[in-house]
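> Protein chains in written order, with this note's numbering: chain U, 1 to 253; chain D, 1001 to 1253.
2 protein chains.
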Amino acid sequence: MLSSSYIKLINSLRFKKYRDRNKLFVIEGDKLVSEYLASGKPVKLLLALPSWIEKKDRALLSSAREIISVSESELIKVSQLTTPQGTLALVEMERFIPDIESLEDKLSIILDNIQDPGNLGTIIRIAAWFGIENIICSFGTVDVYNPKTIQSSMGAHLHVNTYFADLHDTFAQAAELNIPVYAATLDGEPVKNIDKTHNGFLLFGNESRGVSEELMTYVTQKISIPPFKKVQAGIDSLNVAMSAAIICSEFRR
Amino acid sequence: MLSSSYIKLINSLRFKKYRDRNKLFVIEGDKLVSEYLASGKPVKLLLALPSWIEKKDRALLSSAREIISVSESELIKVSQLTTPQGTLALVEMERFIPDIESLEDKLSIILDNIQDPGNLGTIIRIAAWFGIENIICSFGTVDVYNPKTIQSSMGAHLHVNTYFADLHDTFAQAAELNIPVYAATLDGEPVKNIDKTHNGFLLFGNESRGVSEELMTYVTQKISIPPFKKVQAGIDSLNVAMSAAIICSEFRR
């Protein structure tokens, strides 16, 4: 039986303010919930239909701090999906503080004010695919625990650390360590032509404004994805998640 | 003044059935509407705030068959956006019949049952960027005139022809013409290693099931985008639009 205070709490987590206040976020569906349970991440509360609980391994279930068996109608009251998927869990947020020195020999992604939660989730998924373990986001970037971000990352959250930081500090430290900074721009060198290091920061900017002017001073190499022909009127750029897919693929080529 | 019959017509176009019946679809916003007017495509009806109409060139406006000046409140009644963008237009659909012989020397995209309208729109945008003029979709693929497809393609519809066809017929004709067929799969040859022709069909399958088994017989080369490391549990594939971005980029490299 789901208490009204839990219903209120779970529904409040649609909003960043309440996610931050409670340090909790929501995941839904068999695949995602099972992966979080298996990962050892702190699952504070697990809600599921009795039929779902019966099918699951006891050891897996035991990693949730609290389990409540719920009915379909209770699940509908708290689900953020059009069609609830049998299970929902609350997970404790982890807020990492980036240690730039530990990133010195790695390839990392830096995001400057990405606004669309679907784009952010897709970029997290791309990072996981290409073995990029760390993403540092400007404070103006959309929340990584936004339900749409969680959904579009398809579980990749588990394999990629996401940090929020003042990017001026981040880049100042990177400069001291001579970490190369590559920025995706419209007028950079075609990505296929540049010397690609095994380490460095790949910087992607806001969906409509690109990388902030004041961050460009930290950039050591501007890169671009040239169109096949002179671009037709109206198509002025690729979507930022597409650019990230192509550039990460080139760096891991 | 917007008549109630127009309000009813425009709102009905949210549904494929009525788009097909009326052979019309909706576009919204200054950028998209201006591009359609400039392109010479058949704009049947243009609705706009008086302030929008005043700013526009007369020659541009004259390519709409009918113009109705509307109020904010009238626009809200028919807009499919959360915040209406000052203008909305009805455009006549074009249904192309693919002439496979004309594709012999070109690179084209073939889509087998893509279900997500955002993915389809993104793939149309990628095609436009990489100079791929033609996309042939199976009859089971989501409608290209779905409002979400139009929105995520960002005007790229204007530069890419989209066809619906029985893919068995399409591939049978391609085989007679010796057009190579590359299928994006999880177990194909890494795309960077294969010999890439300047022409051919790039085949992408459904978001969860991939390319249909029965179409695989037509495939001349299976290709894949390998992950950087052995993939972690839970991340079993890239999103189809990401794969399309990377594969098109490789073919145009």
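C-beta: ideal position from N, C-alpha, C; glycine also.
(1) Output, in sequence order along the chain, the residues in the region 116 to 150 of chain U whose CB is closer than 7 Å to any CB in chain D.
(2) Leaving aside the five residues before and after residue 138 of chain U along the sequence, list all residues of the same chain whose C-beta is less than 6 Å from its C-beta, in chain order.
(3) Could you check the C-alpha separation between residue 150 of chain U and residue 91 of chain U for me, to the nearest Å?
(4) Which residues bound the beta strand (DSSP E) around residue 182 of chain U?
(5) I'd like to check one pair, residue 1185 of chain D with residue 1224 of chain D: are the Cβ atoms closer than 7 Å?
(6) Any beta carbon of chain D sitting closer than 7 Å to that of residue 50 of chain U?
(7) Check this for me: beta carbons of residue 1124 of chain D and residue 1078 of chain D, under 7 Å apart or not?
(8) Would you say residue 183 of chain U and residue 142 of chain U are within 7 Å of each other, going by their C-beta atoms?
(9) Of the choices D:1190, D:1110, D:1243, D:1244, whose alpha-carbon is the least far from that of residue 1212 of chain D?
(10) From the DSSP output, read off the bridge partner residues of residue 1200 of chain D.
(11) Report the rounded CA-to-CA distance for residue 69 of chain U versus residue 82 of chain U, giving the unit in angstroms.
(12) Using a C-beta to C-beta distance shorter than 7 Å, which residues of chain D count as neighbours of residue 245 of chain U?
(13) Tell me the residue span of the beta strand (DSSP E) that contains residue 1087 of chain D.
(14) With 7 Å set as the bound, which would you pick, yes or no: does the beta-carbon of residue 1227 of chain D sit closer than that to a beta-carbon of chain U?
(15) Note down the Cα distance separating residue 4 of chain U from residue 1053 of chain D, rounded to an integer number of angstroms.
(16) Quick one, which of U:130, U:216, U:162 has its alpha-carbon nearest residue 120 of chain U's?
(17) Quick one: is residue 1238 of chain D near chain U, going by C-beta distance under 7 Å?
(18) Nearest CA to the CA of residue 87 of chain U: which residue from U:61, U:29, U:60, U:6?
(19) If distances are taken between C-alpha atoms only, which option among U:97, U:42, U:89, U:31 comes closest to residue 156 of chain U?
(20) Measure from the C-beta of residue 196 of chain U to each C-beta in chain D and report whether the shortest distance is under 7 Å.
(21) Just how far apart, CA to CA, sit residue 13 of chain U and residue 1001 of chain D?
(22) Could you pull the start and end residues of the alpha helix (DSSP H) that residue 122 of chain U belongs to?
(23) So residue 130 of chain U packs on residue 1227 of chain D, CB below 8 Å; how close in whole Å?
(24) Could you tell me the alpha carbon to alpha carbon distance between residue 287 of chain U and residue 243 of chain U, rounded to whole angstroms?
(25) Within this structure, are the beta carbons of residue 164 of chain U and residue 93 of chain U separated by less than 7 Å?
(26) Answer with yes or no whether the minimum CB distance from residue 212 of chain U to chain D is below 7 Å.
(27) According to DSSP, is residue 1170 of chain D part of a helix, a strand, or is it coil?
(28) Check whether the Cβ of residue 77 of chain U lies closer than 7 Å to any Cβ atom in chain B.
(29) Under a Cβ-count criterion, where at least 16 other Cβ atoms within 10 Å of its own Cβ denotes burial, should residue 1172 of chain D be classed as buried or exposed?
(30) Just how far apart, CA to CA, sit residue 247 of chain U and residue 146 of chain U?
(31) Distance, Cα to Cα, residue 99 of chain U vs residue 169 of chain U?
(32) Sorted by chain position, which residues of the same chain lie with C-beta nearer than 6 Å to residue 1089 of chain D's C-beta, five sequence neighbours on each side aside?
(33) If the criterion is Cβ atoms closer than 7 Å, does the pair residue 1039 of chain D and residue 1158 of chain D meet it?
(34) On the criterion of 16 or more Cβ atoms from any shown chain inside 10 Å, does residue 1177 of chain D qualify as buried, or is it exposed?
(35) Just by C-beta distance, which residues in the region 176 to 193 of chain U are closer than 7 Å to chain D?
(36) Mind checking which residues open and close the beta strand (DSSP E) that includes residue 26 of chain U?
Well, looking at it:
(1) Cβ contacts with chain D: 122, 125, 126, 128, 129, 130, 131.
(2) Against the first sequence, residue 138 of chain U aligns to sequence position 138. Hits under 6 Å: 112, 113, 167.
(3) Translated into the one-based positions of the first sequence, residue 150 of chain U becomes position 150. Translated into the one-based positions of the first sequence, residue 91 of chain U becomes position 91. The straight-line gap from Cα to Cα measures roughly 12 Å.
(4) Reading the first sequence from its first residue, position 182 is the one you call residue 182 of chain U. Unbroken beta strand (DSSP E) run through residue 182 of chain U: 181 to 190.
(5) Along the second sequence, one-based indexing puts residue 1224 of chain D at 224. Along the second sequence, one-based indexing puts residue 1185 of chain D at 185. Contact: yes.
(6) Here residue 50 of chain U is taken as the residue at index 50 of the first sequence, counted from 1. Judged by the 7 Å Cβ criterion, residue 50 of chain U is not in contact with chain D.
(7) Numbered from 1 along the second sequence, position 124 holds the residue referred to as residue 1124 of chain D. Numbered from 1 along the second sequence, position 78 holds the residue referred to as residue 1078 of chain D. Cβ atoms of residue 1124 of chain D and residue 1078 of chain D: not closer than 7 Å.
(8) Along the first sequence, read from residue 1 onward, the residue named residue 183 of chain U stands at position 183. Along the first sequence, read from residue 1 onward, the residue named residue 142 of chain U stands at position 142. Cβ atoms of residue 183 of chain U and residue 142 of chain U: not closer than 7 Å.
(9) Taking the second sequence and counting its residues from 1, one reaches residue 1212 of chain D at position 212. With distances taken between Cα atoms, residue 1212 of chain D lies closest to D:1110.
(10) Walking along the second sequence from the start, residue 1200 of chain D turns up at place 200. BP columns for residue 1200 of chain D point to D:1107.
(11) Residue 69 of chain U sits at position 69 when you count from the first residue of the first sequence. Residue 82 of chain U sits at position 82 when you count from the first residue of the first sequence. Going by the C-alpha atoms only, they are around 20 Å apart.
(12) Position 245 of the first sequence, counted from the start, is the residue given in the question as residue 245 of chain U. Contacts between residue 245 of chain U and chain D, judged by CB atoms closer than 7 Å, involve 1242, 1245, 1246 in chain order.
(13) Sequence index remark: in the second sequence, residue 1087 of chain D carries index 87 (1-based). Segment 1087 to 1092, the beta strand (DSSP E) holding residue 1087 of chain D.
(14) As a first step, residue 1227 of chain D must be located in the second sequence, where it is residue number 227. Yes, its Cβ sits closer than 7 Å to a Cβ of chain U.
(15) Within the first sequence, residue 4 of chain U is the residue found at index 4, counting from 1. Within the second sequence, residue 1053 of chain D is the residue found at index 53, counting from 1. Looking at the two C-alpha atoms, the distance is approximately 52 Å.
(16) Within the first sequence, residue 120 of chain U is the residue found at index 120, counting from 1. The option with the nearest alpha carbon to residue 120 of chain U is U:162.
(17) Start at 1 with the first residue of the second sequence, and residue 1238 of chain D comes out as number 238. Yes - at least one Cβ of chain U is within 7 Å of the one on residue 1238 of chain D.
(18) Position 87 of the first sequence, counting from 1, holds the residue named residue 87 of chain U. Selected option, being the one with the closest Cα: U:29.
(19) Numbered from its first residue, the first sequence carries residue 156 of chain U at position 156. Of all alpha-carbon atoms in U:97, U:42, U:89, U:31, the one lying nearest the alpha-carbon of residue 156 of chain U is that of U:31.
(20) The sequence position of residue 196 of chain U within the first sequence is 196, counting from 1. By this cut-off, residue 196 of chain U is not an interface position.
(21) By 1-based counting over the first sequence, the position of residue 13 of chain U is 13. By 1-based counting over the second sequence, the position of residue 1001 of chain D is 1. Between residue 13 of chain U and residue 1001 of chain D, the C-alpha separation is close to 43 Å.
(22) Position 122 of the first sequence, counting from 1, holds the residue named residue 122 of chain U. For residue 122 of chain U, the enclosing alpha helix (DSSP H) stretches over residues 117 to 129.
(23) Against the first sequence, residue 130 of chain U aligns to sequence position 130. Against the second sequence, residue 1227 of chain D aligns to sequence position 227. That pair is a contact at about 7 Å.
(24) Residue 287 of chain U lies beyond the range of chain U shown here (1 to 253); nothing can be said about it.
(25) One-based indexing of the first sequence puts residue 164 of chain U at position 164. One-based indexing of the first sequence puts residue 93 of chain U at position 93. For the pair residue 164 of chain U and residue 93 of chain U, the CB atoms are not nearer than the 7 Å cut-off.
(26) Within the first sequence, residue 212 of chain U is the residue found at index 212, counting from 1. Not closer than 7 Å to any Cβ of chain D, the Cβ of residue 212 of chain U fails to qualify, so no.
(27) Within the second sequence, the letter at position 170 stands for residue 1170 of chain D. Under the three-state reduction of DSSP output, residue 1170 of chain D falls in the helix class.
(28) No chain B appears in this structure, whose protein chains are U and D.
(29) If you number the second sequence from 1, residue 1172 of chain D lands on position 172. Counting Cβ neighbours within 10 Å, residue 1172 of chain D comes out exposed, since fewer than 16 surround it.
(30) Reading the first sequence from its first residue, position 247 is the one you call residue 247 of chain U. Reading the first sequence from its first residue, position 146 is the one you call residue 146 of chain U. Whole-angstrom Cα-Cα distance: 25 Å.
(31) As a position in the first sequence, residue 99 of chain U is number 99, starting the count at 1. As a position in the first sequence, residue 169 of chain U is number 169, starting the count at 1. For the pair residue 99 of chain U and residue 169 of chain U, the Cα-to-Cα distance works out to about 11 Å.
(32) Taking the second sequence and counting its residues from 1, the one referred to as residue 1089 of chain D is at position 89. The residues are 1027, 1033, 1043, 1046.
(33) Position 39 of the second sequence holds residue 1039 of chain D. Position 158 of the second sequence holds residue 1158 of chain D. Taking 7 Å as the Cβ cut-off, residue 1039 of chain D and residue 1158 of chain D qualify as a contacting pair.
(34) In the second sequence, counting from the first residue as 1, residue 1177 of chain D sits at position 177. Its Cβ having fewer than 16 others within 10 Å, residue 1177 of chain D is exposed.
(35) For chain D, the residues of the region 176 to 193 of chain U that bring a beta carbon within less than 7 Å of one of its beta carbons are 192, in chain order.
(36) Counting from 1 along the first sequence, the entry for residue 26 of chain U is found at position 26. Per DSSP, residue 26 of chain U belongs to the beta strand (DSSP E) from 24 to 28.
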